[in-house]
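Last residue of the first sequence: 780 (the numbering used here), numbering continuous.
Ideal placement from N, C-alpha and C gives every residue a C-beta, glycine not left out.
A short write-up of the structure that comes next.
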Amino acid sequence: MSATLSSPSSAFLRILTERGFIHQASDLAGIDAAAREGRLTTYVGYDCTAPSLHIGHLLSIMMLHWLQETGAGRPIVLMGGGTTRVGDPSGRDETRKMLTVEQIEENKNSIKEVFSRFIRFGESGHLAAMADNAEWLTKLNYIDMLREIGRHFSVNRMLSMDSVRLRLERDQELSFIEFNYMILQAYDFTELHRRYGVVLQMGGSDQWGNIVTGIDLGRRLGTGQLYALTCPLMTTASGAKMGKTASGAVWLKGEMFSPYDYWQFWRNTEDADVGRFLKLFTTLPMERIAELERLQGAEINEAKKVLATEATALLHGREAAESAAETAQKTFEQGVTADTLPSVEVPREDIETGIGIAPAFVRAGLAASNGEVIRAIANGAISVNDARVTDRSRIVAASDLKDGVVKLSFGKKKHVLLRAV
RNA sequence: GGGGGAAUGUCCCGAGCGGCAAAGGGGGCGGACUGUAAAUCCGCUGGCUAUGCCUUCGUAGGUUCGAGUCCUACUUCCCCCA
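Shown next as structure tokens:
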């Protein structure tokens, strides 16, 4: 743990500090000076393990956002097209399942677009650039690599790194391929220094070891001083890992997690987290956040709505955010059916024929199986047009249509409109 | 190389005399209470054309009316001896 710089002179570090982004840094004074001079070219790497990033990645994206916003330096987004083929062992007990090269490429293309929401890309100045480490890592020759890079790594030291040590201590398998991950990431750092003049690597706290390894390699290869800065691992006040919901992760890609659901996710933040999240996940001025933090009791709901709308606006745009806010207001506060609720289209003739209650919920995506719906009915969780269903043989029919839609609800929070077309 | 132990409900941990859709817990979901929060209490947490049928206990065979449970081989992991 490094001491926090009592009074950073760069806008970049000042903002990161007061908003709670900083977990560890290698040399705050050095970072501060480079930021002040606008030469803090910085990269964050993202592995392509899924078709979308999720909110766990948001912290580091926000840091790149502030880097650009404050003119501290140029953001470099590194796609891990190469490293994903190897698999990072950091912070996990088990080896990831190997992805095919095709899957990685698909994921990479699917992930890319989200960054332009938070940072501006371009050729010059502080406009961001995107790189892909497949470009250089896949061309490495094993023997040359060992001679030029491998000789700078001490296995003794590598064994002491958390990502490796924790695995070994728990008697968990660590394959040779994973053991190499940190070497590749370290090499990336030096390569990005060579290509773009990158001097800082940021990432989650679990990346500390990998980043510092890169700094060491840089010193031996003569890159000059490189820096590390990590953000905390996001957990909720009650200690749960953030971003897990019923359906899985909170994805940043709209097709996988709708703007409405995204708004709802933030709306349901625990009281104790609201202030912290406003600082991290919105760009509202600190004075405004301080105001919101003063709200007590049920008034905190107002702060949660601001959080939800601002966070959603950053990712999906102001319009989508306000539409989500409005839909929520109609649904939860006025108790009317908002026609902007998520909807699923169903052929009109199917509804005229009649659809069983269970299949209807499965088609709406509210349940995974008929059995789940039957059990939910027994739990009193199922409603059609806001009327609780108690009979499992209930049929959703044309008589349920209001303005061409039927409102299906699973519990009080999950609603989907079945739209006859 | 020799000896011993382990793999359980496709989220995780874990009990399981030959009759088991399989104890318990965590997590998740739902209900109540609230404020679309937390905490607490209660319920649910294999699938289906559903008083029945089908698929599940590392893999493949075998014994048996019947196997998660017994036998054999294989795979993977752990421990001890060399």
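With a CB to CB cut of under 8 Å and the five nearest residues on each side skipped, what residues in its chain are close to residue i?
i           : result
residue 564 : 382, 383, 589, 590, 591 and 592
residue 543 : 441, 442, 445, 492 and 496
For residue i, count neighbouring Cβ atoms within 10 angstroms of its own Cβ and tell me buried if that reaches 16, exposed if not.
i           : result
residue 480 : exposed
residue 770 : exposed
residue 548 : buried
residue 605 : At residue 605 the pLDDT is 45, less than 50, meaning the model places this residue with poor confidence; the figure from the coordinates comes in the next sentence. Classification of residue 605: exposed, given that the 10 Å Cβ count is below 16.
residue 645 : exposed
residue 484 : exposed
residue 788 : Because the chain is modelled from 360 through 780, residue 788 falls outside the range shown and cannot be assessed.
residue 767 : buried
residue 399 : buried
residue 411 : buried
residue 545 : buried
residue 737 : exposed
residue 577 : buried
residue 466 : buried
residue 657 : exposed
residue 693 : exposed
residue 494 : exposed
residue 719 : buried
residue 708 : exposed
residue 449 : buried
Would you kindly work out how many angstroms separate the C-alpha atoms of residue i and residue j, rounded to a whole number?
i           : j           : result
residue 393 : residue 437 : 21 Å
residue 500 : residue 703 : 52 Å
residue 622 : residue 387 : 35 Å
residue 712 : residue 728 : 21 Å
residue 555 : residue 435 : 8 Å
residue 587 : residue 442 : 19 Å
residue 637 : residue 714 : 44 Å
residue 408 : residue 534 : 18 Å
residue 566 : residue 468 : 23 Å
residue 360 : residue 373 : Confidence is the limiting factor: at residue 360 the pLDDT is only 44, short of 50, which leaves the residue's position unreliable, though a coordinate-based value still follows. Whole-angstrom Cα-Cα distance: 18 Å.
residue 616 : residue 507 : 45 Å
residue 362 : residue 639 : Bear in mind that a pLDDT of 48 at residue 362, under 50, signals an unreliable position, so the number given afterwards is only what the model happens to contain. C-alpha separation (whole angstroms): 21 Å.
residue 634 : residue 478 : 24 Å
residue 418 : residue 510 : 34 Å
residue 751 : residue 664 : 36 Å
residue 403 : residue 685 : 35 Å
residue 377 : residue 537 : 36 Å
residue 429 : residue 517 : 36 Å
residue 659 : residue 470 : 34 Å
residue 521 : residue 743 : 52 Å
residue 461 : residue 746 : 48 Å
residue 405 : residue 416 : 8 Å
residue 489 : residue 395 : 23 Å
residue 654 : residue 662 : 7 Å
residue 503 : residue 496 : 12 Å
residue 673 : residue 473 : 11 Å
residue 620 : residue 561 : 29 Å
residue 463 : residue 367 : 40 Å
residue 668 : residue 683 : 8 Å
residue 691 : residue 772 : 8 Å
residue 579 : residue 514 : 16 Å
residue 553 : residue 401 : 13 Å
Please work out which residues of its chain come closer than 6 Å, Cβ to Cβ, to residue i, disregarding the five sequence neighbours upstream and downstream, and give them in chain order.
i           : result
residue 541 : 569 and 572
residue 763 : 779
residue 487 : 434, 478 and 480
residue 757 : 710 and 711
residue 585 : 558, 574 and 577
residue 491 : 438 and 440
Leaving out five residues before and five after residue i in sequence, what residues of the same chain have Cβ atoms less than 7 Å from its Cβ?
i           : result
residue 723 : 703, 767, 775 and 777
residue 539 : 445
residue 689 : 695 and 697
residue 759 : 743, 744 and 765
residue 610 : 411, 413 and 616
residue 391 : 364, 367, 368, 369 and 372
residue 675 : 613, 618 and 621
residue 670 : 625, 640 and 641
residue 582 : 549 and 552
CB of residue i to nearest heavy atom of the ligand SAH: below 6 Å?
i           : result
residue 617 : By its list of ligands, the structure shown contains no ligand whatsoever, and the ligand SAH lies outside what it can speak to.
Cβ pair count under 8 Å reaching 3, the region 673-687 against the region 648-656: With a cut-off of 8 Å, the region 648-656 and the region 673-687 do not count as touching, because too few Cβ pairs lie within range.
Sequence ranges, beta strand (DSSP E) only - wholly within the region 729-778, length at least 3: Runs found: 741-743 and 764-769.
Contiguous beta strand (DSSP E) assignments of at least 3 residues, all confined to the region 487-567: You should have 488-491 and 559-563.
Segments of 3+ residues assigned as beta strand (DSSP E) that fall wholly inside the region 411-477: Whole beta strand (DSSP E) segments, 3+ residues: 434-439.
Cβ pair count under 8 Å reaching 3, the region 616-634 against the region 424-435: With contact defined as three or more Cβ pairs closer than 8 Å, the region 616-634 and the region 424-435 are not in contact.
Within the region 657-722, ranges of the alpha helix (DSSP H) (whole runs, at least 4 residues): Those alpha helix (DSSP H) runs which fall completely within the region 657-722 and span 4+ residues are 659-675, 677-687, 707-712 and 716-722.
Complete beta strand (DSSP E) runs within the region 602-631 (minimum length 3 residues, chain order): Contiguous beta strand (DSSP E) elements confined to the region 602-631 do not occur, taking only those with 3 or more residues.
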